[in-house]
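Q: Per the numbering used here, the very first residue in the sequence shown carries number 609; after that it's consecutive.
Glycine is no exception: its CB is placed at the ideal position from the N, C-alpha and C atoms.
Since the model is a prediction, treat every value here as computed from it, not as a measurement.
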Amino acid sequence: VKGNIIIDIIDSGIGMSSQQIKRIALPFYSTTEKGTGLGTMIAYSIIRELNGDIEIESELGKGTRFSISIPC
């Protein structure tokens, strides 16, 4: 069977601006004082190594959806 595994991660938090979404996978980019800015970059790297993709949809004040697609 060929296809993709799709994993959706959805929250109802504060959401992200389009500028934040553009920068989210950059090393050391963080919007919090405690963040290292490495977590999302590492996740992107692993998913890309697996020939996968991440799509991000977000609305300020409503939340964010990360849709991860990895080939089977």
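1) Closest by CA to I655, which one among T639, P679 and T644?
2) Over what stretch of residues does the beta strand (DSSP E) that includes T672 continue unbroken?
3) Within the same chain, show all residues whose beta-carbon is closer than 8 angstroms to that of S653, passing over the 5 residues directly before and after it, in chain order.
4) I617 by DSSP, collapsed to three states: which one?
5) Using only CA atoms, which one of I617, G647 and G611 lies nearest to I664?
6) DSSP has N612 in a bridge; who is on the other side?
A: Concretely, from the data shown:
1) The residue given as residue 655 occupies position 47 in the sequence shown. If you compare the alpha carbons of T639, P679 and T644 with that of I655, the shortest gap goes to P679.
2) Numbered from its first residue, the sequence shown carries residue 672 at position 64. From DSSP, the beta strand (DSSP E) with T672 extends over G671 to P679.
3) For the purposes of this step, residue 653 is identified with residue 45 of the sequence shown, where counting begins at 1. If we look at S653 and ignore the five residues flanking it on each side, it has no Cβ neighbours.
4) As a first step, residue 617 must be located in the sequence shown, where it is residue number 9. Residue state, collapsed to three classes: strand.
5) Position 56 of the sequence shown, counted from the first residue, corresponds to residue 664. Proximity to I664 across I617, G647 and G611 peaks at I617, based on C-alpha coordinates.
6) Locating residue 612 in the sequence shown gives position 4, counting from the first residue. Beta-bridge pairing links N612 to P679.
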